[in-house]
Amino acid sequence: MAESTMQKIVSLAKRRGFIFQSSEIYGGLKACYDYGPLGVELKRNIKDAWWRDTVHRREDVVGLDCSIIMHPDVWKASGHLAGFSDPLVDCRNCKERFRADKAPRAEPASKTLYREGGKKDGKKLEGVVGPQGYVCPVCGSGDLSPERQFNLMFRTSLGPVDPMQEILDAVDDIHALDAKARREKLWSIIEQTAVYLRPETAQGMFVNFLNVLNSARMKPPFGIAQCGKSYRNEITTSNLTFRTCEFEQMELEFFVEPGTDEKWYEYWRKTRLDWYTSLGMNPGRLRLRDHDQSELAHYAKACVDIEYFFPFENPQGGGEWGELEGIANRTDYDLKRHAEFTGKELSYFETETKNRYVPYVIEPAAGADRATLAFLCDAYDEEAVDAEKNDVRTVLRFHPRIAPVKVAVFPLVKKDGMPEKAKEVTRELLAEGINSFYDESGAIGRRYRRMDEVGTPWCVTIDTDTLSSGTVTVRERDSMEQSRIPMGGIAQYFRNRLK
Ligand SMILES: [Zn+2]
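Each residue of the sequence shown is one higher than the one before, starting from 0 at the first, in numbering that gives the first Met the number 0.
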C-alpha cells in the first residue's frame with residue numbers, strides 16, 4: 000500500500016530531526032515527543048513570531064512567565080479541581096477506553112452492528128444502543144461500562160513530607176472504615192501536600208492581574224501574554240504531537256471594559272486568523288468554527304476555534320479539521336472567582352470617570368505544538384521536477400521567518416579554496432544571527448534536494464567565478480531559480496530578505 004501524506008510527514012520528521020518519540024531507545028513513552036535539532040528551531044521560530052507579533056509589536060500587551068506549580072486553591076477557584084474531568088467509558092467488546100462526550104451518538108434502543116472484539120474478520124454481531132445514546136467509537140458496540148470521572152490534572156506533592164509514610168501510619172486505622180470513609184481519610188492525607196501541574200497557562204495571568212496593573216501601570220484595554228508548558232492527563236492521544244499530555248501554550252488574556260467585549264472579540268478573531276496566513280499558512284486549509292450553545296463553557300459568552308485541515312488518516316480519507324487555537328469571551332468570570340476565593344478586589348478604577356469595574360476577558364489561546372505540526376504539514380509538498388524521468392522532489396515550503404535553517408552554503412567542489420570561502424560565508428551569516436548550514440558532501444544537486452526537504456529558503460554556492468569575480472550563486476528553494484550576487488554584504492542581503 001502506498002504511504003499516506005501523514006506517514007510521509009511522520010517519517011521525514013524523524014529522519015531529518017524534527018520530531019522524535021520520547022525515550023525511544025527504551026521503547027518510547029506513549030504520546031510523549033522530543034523536538035530534534037530542526038524541530039526545536041521551527042517551534043522556537045513560531046513562538047518567537049507569536050511573541051513579537053502579540054507582545055513586542057503592540058503597546059497594549061505585556062508578557063509574563065509564571066510557575067507551573069501554583070497554589071492548589073487556584074484550581075478550586077478556576078473550577079479545574081472539581082469539574083476538570085472527562086467522563087470515561089470502557090467498551091466491553093473491543094476494550095477501547097474513550098470519552099463519553101466525544102463518542103458517536105446513536106438513538107437509544109436502536110440496533111447497532113459490530114464485529115466481535117472489534118476485529119475486521121470478527122463474527123458479525125447485532126446489539127442495542129443503551130440509554131446513554133452513544134456507541135463505541137472504534138467498533139460501534141453499545142455494550143459499554145458506566146461512565147466514570149477521571150481528573151485530567153497531574154497531581155504531585157510539594158514539601159519535605161512523604162505522604163506515603165503518613166498513609167502507612169494511617170493504614171491500621173482505616174481498616175475499620177467503610178469504602179467512602181476510607182477514601183476520604185486517604186484524601187485528607189494526600190491533600191495536605193497535593194499540588195498540580197497547571198492544565199492551562201491562563202490562571203497565571205488572572206492571579207497576577209493586580210501585580211501587572213500596578214507594576215506596569217496598564218489600563219484596559221490591555222493584555223497579558225504567556226508562553227509555556229501545560230499538562231493534561233489526556234485519555235486519548237493521537238496523531239504525532241496533535242494531542243499530548245505535555246504541551247506548550249501561547250496564551251493572551253486581553254482585559255477590556257464590559258460593553259466593549261464584543262468588539263474586541265471580533266477584533267481578535269480576525270487578528271489571530273490573519274496571523275497564521277501572515278506566516279504562509281494556506282488560507283484554504285484554515286477555518287473559523289463557532290461553538291454552538293451546547294459546546295460553550297458555562298462562563299463563556301462566545302467561543303470560536305481556528306481549525307486547520309490536517310492530513311490525518313481517517314476512515315473517510317482525505318484529512319481532518321483540528322483545533323489550532325480557541326478564542327473565547329470569558330466575561331468577568333475568572334477575575335470574579337479569584338476575588339471571591341481570595342477576598343481581594345480584582346477590578347479596575349478609572350480615575351477620570353470615577354468608574355470601577357471588573358474587566359471582561361477575551362482569550363486567544365493557541366497551542367505551540369499544534370501550530371508547529373500544522374506549519375509542518377502545510378509546508379509539505381512533492382513537486383514533479385521532470386515527469387518523464389519520474390523526478391519528484393520533496394520540499395517543505397516554510398515561510399522564511401519560521402524556516403529552521405535560513406541559508407545553506409556549499410563549495411561547488413572540495414578544492415581550489417572553495418571550502419575555505421564557503422566556511423567564511425557561513426561564519427559571517429552565523430555571526431549576524433542568520434541560522435546557516437555548511438555542506439560539502441555529495442553532488443551539488445543532491446545537496447540542494449537535502450535542503451529543500453528541510454525547507455531552507457536559500458542556498459549559496461561558491462564556485463570558480465567566486466574566486467575571480469567575488470560573486471556567489473543564490474538558489475531559491477521554491478522556484479529553483481539561480482542568480483548571482485556579490486559576496487561582500489551577503490549577510491545584509493539575507494537580512495533584507497528576511498524582513
Ligand atoms: Zn469497541
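Where is the CB? At the ideal position from N, CA and C, for every residue including glycine.
In this chain, N354 is not harboured by any alpha helix (DSSP H); it is covered by the beta strand (DSSP E) spanning 354-356.
Cβ neighbours of D477 within its own chain (closer than 7 Å, five residues either side excluded): R396. Straight through space, the alpha carbons of Q248 and V406 are spaced by roughly 29 Å. Looking at the DSSP output, F97 sits in a beta bridge with V88. By the neighbour-count criterion, in which 16 or more other beta carbons inside 10 Å mark a residue as buried, E250 falls on the buried side. Taking a contact as a CB-CB distance under 8 Å, the pair A373 and F309 counts as one, their CB atoms being some 7 Å apart.
Between F311 and the set F348, L239, E439, the nearest pair of CA atoms involves L239. Scanning the segment 102-160 for uninterrupted beta strand (DSSP E) segments of 3 residues or longer gives 110-114, 123-127, 147-150, 154-156, listed from N- to C-terminal end. At least one heavy atom of ligand 1 is found less than 7 Å from the C-beta of G117. Rounded to the nearest angstrom, the gap between the Cα atoms of T465 and V424 is 12 Å. For E95, the shortest C-beta to heavy atom distance toward ligand 1 is below 7 Å. In this structure, ligand 1 has a non-hydrogen atom nearer than 7 Å to the beta-carbon of S140. Here S140 has C90, R91, N92, C93, T111, Y113, G117, L124, G126, V134 as same chain residues with Cβ atoms under 8 Å from its own Cβ, once five neighbours each way along the sequence are excluded.
In this structure, V88 has its CB at a distance of at least 7 Å from all heavy atoms of ligand 1. In the structure shown, the three-state DSSP call for C376 is helix. Scanning its chain for C-beta atoms nearer than 6 Å, with the 5 sequence neighbours on each side dropped, one finds around Y359 the residues V255, P257, D260, T330, D331, in chain order. Apart from the 5 residues on each side of it in sequence, L278 sits with its Cβ closer than 8 Å to the Cβ of I45, A48, F374, H398, R400, I401 in its chain, given in chain order. M486 carries a coil assignment under DSSP once its states are collapsed to helix, strand and coil.
The beta-carbon separation of H290 and V206, rounded to 26 Å, does not stay under the 8 Å limit for a contact. In this structure, ligand 1 has a non-hydrogen atom nearer than 7 Å to the beta-carbon of V137. Under the criterion of beta carbons closer than 8 Å, H79 and M152 qualify as touching, at roughly 6 Å.
The beta-bridge partner set that DSSP reports for E381 consists of T393. Around the CB of D120, fewer than 16 other CB atoms lie within 10 Å, so the residue is classed as exposed. A straight line joining the alpha-carbon of V194 with that of K413 spans about 59 Å.
One alpha carbon belongs to A296, the other to Q164, and they sit about 40 Å apart. Counting only residues of its own chain and dropping the five nearest sequence neighbours on each side, L429 has a CB closer than 8 Å to the CB of S435.
Looking at the backbone, the Cα of P145 and that of E349 are separated by about 53 Å. Cβ neighbours of T470 within its own chain (closer than 8 Å, five residues either side excluded): D464, R483, I484, P485, M486.
Inter-residue distance for Q148 and R474 is about 57 Å (C-alpha atoms, whole angstroms).
Taking the C-beta atoms as reference points, G132 is found nearer than 8 Å to A105. The Cβ-Cβ distance between I223 and V61 falls below 8 Å.
Taken from the Cβ of N213, every heavy atom of ligand 1 lies 7 Å or farther away. Between ligand 1 and N92, a heavy atom-to-CB distance of less than 7 Å is present. Judged by DSSP in its simplified three-state form, T472 adopts strand.
Between T200 and G227, the CB-CB gap stays under 8 Å. Taking 8 Å as the cut-off, the Cβ atoms of A365 and N328 do not count as close.
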